[in-house]
Every structure is written in C-alpha cells, then in structure tokens.
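Peer 1: When we follow the working numbering, the leftmost residue of the sequence shown carries the number 4, and every step to the right adds one.
Just passing along the structure, written as structure tokens.
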Amino acid sequence: MLHKTRGIVLKTTLYGESSVVVQIFTEKFGIQSYMINGVKKPRAKIRMNMLQPLHLVDMIVYHKANSSIQRVSELRPSPVFKSIPYDIIKSTIVMFLNEVLYKSIRQQHTDENIFDFIFNAICWFDECGETTVSFHLAFLLKLSRFLGFAPNTESKSDQNYFDLQEGEFKSRIPVHPHYIEKTEAALFISLFSTPFEKIFEIKMSNRNRREILDKILIFYTLHTASFGEIKSHQILEDVLS
Numbered sequence: 004m005l006h007k008t009r010g011i012v013l014k015t016t017l018y019g020e021s022s023v024v025v026q027i028f029t030e031k032f033g034i035q036s037y038m039i040n041g042v043k044k045p046r047a048k049i050r051m052n053m054l055q056p057l058h059l060v061d062m063i064v065y066h067k068a069n070s071s072i073q074r075v076s077e078l079r080p081s082p083v084f085k086s087i088p089y090d091i092i093k094s095t096i097v098m099f100l101n102e103v104l105y106k107s108i109r110q111q112h113t114d115e116n117i118f119d120f121i122f123n124a125i126c127w128f129d130e131c132g133e134t135t136v137s138f139h140l141a142f143l144l145k146l147s148r149f150l151g152f153a154p155n156t157e158s159k160s161d162q163n164y165f166d167l168q169e170g171e172f173k174s175r176i177p178v179h180p181h182y183i184e185k186t187e188a189a190l191f192i193s194l195f196s197t198p199f200e201k202i203f204e205i206k207m208s209n210r211n212r213r214e215i216l217d218k219i220l221i222f223y224t225l226h227t228a229s230f231g232e233i234k235s236h237q238i239l240e241d242v243l244s
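Below is the structure:
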C-alpha cells in the first residue's frame, strides 16, 4: 500500500554498485530504512544529492509493518535548500547536528512533535540570511525538551551552579564534575529559552561557544542511552574558529 509522508534524511549507506539504504525520519512512520536502487545512474529519478544529511523530502513509500527495509516509490526535495549546501558554516553545522540526531532519536515509532520541531528549525536555518554560529547550540538545547530532559530554568539567588546530571540549579557544587557555574549557565539557559529569530542577540566569544558545546554534549551523554562520541565535533570547531 502506498503512503505519502514528509521525511528528514539521517544516514545513507552504499549497497552494491548503484544502490543505497537510507535511514529517514518520517512524519508518518518514525525512523525507517529504505532501499533505493540506481541512485548513481545518469538518469536516476532519485539522486545521491537528494539524500544528504538533514535534507527535507516529500516521499511516496510502500510500507509493510514489521519490515526492516521499506521501498520508495517517489522522493523529491521539499523545500529545496537555498543556502545550506553552499555555505560551509551552515553545511558543517548541519553535518554535526545530523550526527547528534542520529544518536538521539533512534525510536521507530511516530513522534510528530519532534519531527515538526526538526523540520521547521532546519527550514528556518536554511532561509536565514545571516549565518548564525550559535544555531546548533540553541537547536540542541531546545531539542532536549522533546527528548524528555529539558533543563529546569528556575533558580534562586543563592543557586550559582547548574547541575547537568540533574538538569537544574543548585546552591552547592555537585559532588560530580558535570556542572556549570553561573555565568556560563546563564548562556546555557538563554540559548534554551530564546527563539531562533533572536539568538543573534546572544553575544558569545568563540571560547564561550566551544565551552557551551562541550557542556551540551555532556548533557546529552548523561541523558541519552548509548550516546557515544561525536566524531564531527572537532571538524565543527575548526570551521567555526
């Protein structure tokens, strides 16, 4: 039976000489693996450049319950990116976010709230005329709300430490090393709370961004099962430095 759904490309793996298996986060079925044949052929209807990380697509698919590999009838970019593939900073940020997302949203069940957040955020990032080097920080902190471990932003005057393990402010230094002191915590919470349209107003040095990113990755490691190491982290830092 054919179904129409939107999708967000997560990972493409070569299969044979001209085929690929693509993992796509679909609006209708959650994360699914699709076999697509002939993507390297000159007249291919579905080409490799449509299947890049976090590309947004409209699909018509065959879906069989409990099948590990599904099939695609039609696939097209929607919307077609205007800036991400041509801007080295944006494309590197998207590559990094793709790796984090792939490790964070492994569920196969449908979750339209997470899907809509990711889809709309990537659309905004592509449309944004000014390249914001803090988008990935705000994106990951906002995503944590949908993953179930959003930081508690409430604090009292004597609470100068944000405990990454507990996700809340504390009056005393935690007994473990996973915490942020008040100045850095203020940036952490601002990135979480500020709409994407206003994150340009959050002023940070390159050093601040690196430190906040390190803390965000620790935050994800503490709250996401089998999160592991992020390999594109260093590439991102090199491009943004």
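C-beta: ideal position from N, C-alpha, C; glycine also.
Straight-line CA distance for G170 to S229?
Peer 2: So the two alpha carbons sit approximately 19 Å from each other.
Peer 1: Grab me the residues of L54's own chain with a C-beta within less than 6 Å of its C-beta, minus the 5 sequence neighbours each way, in chain order.
Peer 2: Contacts found: V12, T15 and V25.
Peer 1: Do I233 and E102 have their CB atoms nearer than 8 Å?
Peer 2: Cβ atoms of I233 and E102: closer than 8 Å.
Peer 1: If you pair each beta-carbon of the stretch 217-231 with each one of the stretch 88-100, do three or more pairs fall below 8 Å?
Peer 2: Too few Cβ pairs lie closer than 8 Å, so no.
Peer 1: G33 to L150, Cα distance in whole Å?
Peer 2: Each residue's Cα considered, the two are about 14 Å apart.
Peer 1: If you draw a straight line from the C-alpha of S160 to the C-alpha of N211, how long is it?
Peer 2: The alpha-carbon atoms of S160 and N211 are separated by roughly 23 Å.
Peer 1: So, at 6 Å on beta carbons, what are the nonlocal neighbours of R175 in its own chain, with the 5 sequence-adjacent residues on each side left out?
Peer 2: So no residue of the chain qualifies.
Peer 1: How is the beta strand (DSSP E) around S160 delimited, first residue to last?
Peer 2: Note, S160: premise wrong, no beta strand (DSSP E); not H, not E.
Peer 1: Would you mind working out which of F84, S137, D61 and F152 sits nearest L78, comparing C-alpha positions?
Peer 2: Closest option to L78, Cα to Cα, is D61.
Peer 1: Any idea what DSSP makes of H6, helix, strand or coil?
Peer 2: DSSP places H6 in strand when its eight states are reduced to three.
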